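If you read the sequences in order, they're chains A and B.
Counting the first sequence from 1 gives a position; this note's numbering is that position plus 1450.
Counting the second sequence from 1 gives a position; this note's numbering is that position plus 745.
The beta carbon of each residue, even a glycine, is placed where N, CA and C say it ideally should be.
Because the structure is a prediction, the values reported are computed rather than measured.
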Amino acid sequence: KAGVTQTPRYLIKTRGQQVTLSCSPISGHRSVSWYQQTPGQGLQFLFEYFSETQRNKGNFPGRFSGRQFSNSRSEMNVSTLELGDSALYLCASSPGTSGTHNEQFFGPGTRLTVL
Amino acid sequence: GEDVEQSLFLSVREGDSSVINCTYTDSSSTYLYWYKQEPGAGLQLLTYIFSNMDMKQDQRLTVLLNKKDKHLSLRIADTQTGDSAIYFCAESIKGGSYIPTFGRGTSLIVHP
């Protein structure tokens, strides 16, 4: 099975712009989670999508949004970029079965730099 | 709430054992994970343990859990230079969302 893929791998934007990141989960996985990784804050959970619906949400401002398509691919959008949004954005997919532990498989991440 | 803490750095010599430590805060029904992140890559799940277990062994990896002290450790036997990476401890709650909460990560540096 192919692993989790994320595009693009690297991105440079300027303050005030908006950006869209994409994640393709492992075939058959219905849950996609997004994380932000920075040296200062570590790994922080953004949100999880399951069957095209946001199922869980972390503590990030409304500038961070996402969506999931019927084929389980997910996109994450950040509007009005700030310097502090520079980070590695990681996507993880899992089967998504509710009520039980699901192993998460991570993609390689998208490195976003905001200038 | 959940909080996971781990030391930031560990340096060992090739061939020695490495022990990476982690403390967590939540209670009874918890899954505890160890992930590995190599430079430029995402996280790879190494192993996980449920909080009603004391130990789990998988080849060179041994996970020990002290429930009383809420302390988790990962021992890597015969550490190799290829083991150099950042190791993350994480916790998720049974019956909750199962979304893991991660520690800051321990950078393991293996010297030849």
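* **Under 7 Å (Cβ pairs) to chain B, residues found in the region 1458 to 1489 of chain A** => S1483
* Residues of the region 1554 to 1565 of chain A with a CB closer than 9 Å to any CB of chain B: list them in chain order, please. => Q1554, F1555, F1556, G1557, P1558, G1559 and R1561
* Asked: If you draw a straight line from the C-alpha of A:S1501 to the C-alpha of A:G1546, how long is it?
  -> 9 Å
* **For B:K781 and A:A1452, the rounded distance between their alpha carbons** => 20 Å
* **Any C-beta of chain A under 7 Å from that of B:F847** => yes
* Taking the Cβ atom as the reference point for each residue, do A:L1540 and A:Y1485 lie within a distance shorter than 7 Å? -> yes
* To do: Consider the Cβ of B:L790: report whether some Cβ of chain A lies at a distance smaller than 7 Å.
  => yes
* Asked: Is the distance from the Cβ of A:F1555 to the Cβ of A:V1454 below 7 Å?
  -> yes
* **Residues sharing a beta bridge with B:N797, DSSP** => B:N797 pairs with nothing; no bridge assigned.
* Asked: In terms of residues, what are the limits of the beta strand (DSSP E) holding A:R1517?
  -> F1514 to Q1518
* Within 10 angstroms of the Cβ of B:I854, are there 16 or more other Cβ atoms? Answer buried if so, exposed if not. => exposed
* Assuming A:G1435 contacts A:Q1494 (C-beta within less than 8 Å), just tell me the rounded distance between them. => The question about residue 1435 of chain A has no answer, for chain A in this structure spans 1451 to 1565.
* Asked: What residues from the region 819 to 831 of chain B come within 9 Å of chain A, judged by C-beta to C-beta, listed N to C?
  -> none
* Helix, strand or coil for B:T807 per DSSP? -> strand
* **Cβ neighbours of B:L790 in the same chain (closer than 7 Å, five flanking residues each side left out)** => Y778 and Y780
* Asked: Exposed or buried, what is B:S752 when buried is set at 16 or more other beta-carbons lying within 10 Å of its beta-carbon?
  -> exposed
* As assigned by DSSP and simplified to three states, the class of B:L790 -> strand
* Asked: Would DSSP call A:T1530 helix, strand or coil?
  -> coil
* **Exposure of A:Q1456, with buried meaning 16 or more beta-carbon neighbours within 10 Å** => buried
* Tell me which same chain residues have a C-beta within less than 8 Å of the C-beta of A:Q1487, skipping the five on either side of it? -> L1493, Q1494, A1537, L1538, Y1539, L1540 and G1559
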